[in-house]
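I have placed the structure first, in the form of structure tokens, so that the comments after it can refer back to it.
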Amino acid sequence: MPMVPDIQTLLGANPSADSITVFLKDLVRHSNTSLTAPEVKSYSDAVYFNYYSLGISLLFIPQKGYKPTGGLKLEDLQVDSLVLDSINIYNAPKPKATPTKSTTSNRTAELAFSTYSLSKWNLSLSPEASACNESSIEISLTTNGKDFVSCLGEPDRKGGGAGPSSGSIGIWCEWSKRGIMVEFGGDEASGPQAWERGKDAIWRVITVFPPKQD
Numbered sequence: 011m012p013m014v015p016d017i018q019t020l021l022g023a024n025p026s027a028d029s030i031t032v033f034l035k036d037l038v039r040h041s042n043t044s045l046t047a048p049e050v051k052s053y054s055d056a057v058y059f060n061y062y063s064l065g066i067s068l069l070f071i072p073q074k075g076y077k078p079t080g081g082l083k084l085e086d087l088q089v090d091s092l093v094l095d096s097i098n099i100y101n102a103p104k105p106k107a108t109p110t111k112s113t114t115s116n117r118t119a120e121l122a123f124s125t126y127s128l129s130k131w132n133l134s135l136s137p138e139a140s141a142c143n144e145s146s147i148e149i150s151l152t153t154n155g156k157d158f159v160s161c162l163g164e165p166d167r168k169g170g171g172a173g174p175s176s177g178s179i180g181i182w183c184e185w186s187k188r189g190i191m192v193e194f195g196g197d198e199a200s201g202p203q204a205w206e207r208g209k210d211a212i213w214r215v216i217t218v219f220p221p222k223q224d
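Below, the structure written as structure tokens:
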């Protein structure tokens with residue numbers, strides 16, 4: 011099976027770059043879908059390309075003074091004035107037998123995404139970014155909080171998990187210098203004891219972005 015290009019190397023590219031086209035085509039080979047045009051959501055300071063069937067969303071930032079208006083279609087965009095700033099990768103949760111009574115608008119939007127096309131993939135790590143002396147971290151659909159911390163070390167930022175389990179935000183961790191943020195899902199990731207149970211929580215969304223310097 012062909013290797014999918016390193017997702018982190020896509021950062022900084024514009025939507026029409028060959029590297030992004032090749033990456034998306036390789037994802038399609040690993041899925042039971044075809045490559046279709048993304049759903050575009052445009053704002054003055056950000057443009058999202060949502061590939062729901064592939065479980066991925068690309069966030070482009072306008073450059074060179076470009077300020078897109080809302081509601082633009084793909085063909086209306088000045089793609090040469092957009093650069094890829096971050097990538098969201100989704101691990102869609104299995105639906106429960108009894109749906110929750112209330113779902114936030116953000117969570118509803120996330121549920122539109124299928125699970126990422128790859129069952130296993132790697133994120134590269136610089137030597138100083140790894141707590142496990144590895145050049146990369148292998149991620150599967152069952153990688154949990156303990157797995158991330160054992161390889162990446164303690165996160166630079168973290169939050170979520172407070173409040174009643176029915177309405178709280180799931181716990182999240184950000185390794186700013188690594189350019190990796192992970193939001194966790196499932197019962198282990200929410201509620202008053204979320205941080206005690208978080209080591210067993212499975213990732214729900216992984217965001218890859220340019221590493222932040224001190």
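Position one of the sequence shown corresponds to residue 11 (my numbering), numbered consecutively onward.
Glycine included, each C-beta is placed from N, C-alpha and C at the ideal position.
Note that this is a predicted model, so its numbers are computed, not measured.
As computed with DSSP, Ser150 is found in a beta bridge with Lys130.
Counting along the chain, Glu206 sits inside the alpha helix (DSSP H) bounded by residues Ala204 to Arg207. Within its own chain, the residues whose Cβ lies closer than 6 Å to the Cβ of Ala199, once the five positions on either side in sequence are excluded, are Gly180, Ile181 and Ala211, listed in chain order. Taking the CA atoms as reference points, Met191 sits about 31 Å from Glu85. Three or more beta-carbon pairs drawn from the stretch 65 to 82 and the stretch 46 to 57 are found closer than 8 Å, and the two stretches are therefore classed as touching.
Annotation for Gly155: the continuous alpha helix (DSSP H) segment containing it runs Gly155 to Leu162.
For the stretch 53 to 111, the continuous beta strand (DSSP E) assignments of 3+ residues that do not extend past its boundaries occur at 57 to 61, 66 to 72 and 92 to 100, in sequence order.
Per DSSP, reduced to three states, the secondary structure at Glu193 is strand.
Bounds of the beta strand (DSSP E) holding Arg167 are Arg167 to Gly169. In terms of Cα proximity to Leu20, the closest of Asn42, Gly201, Val93 and Ser63 is Val93.
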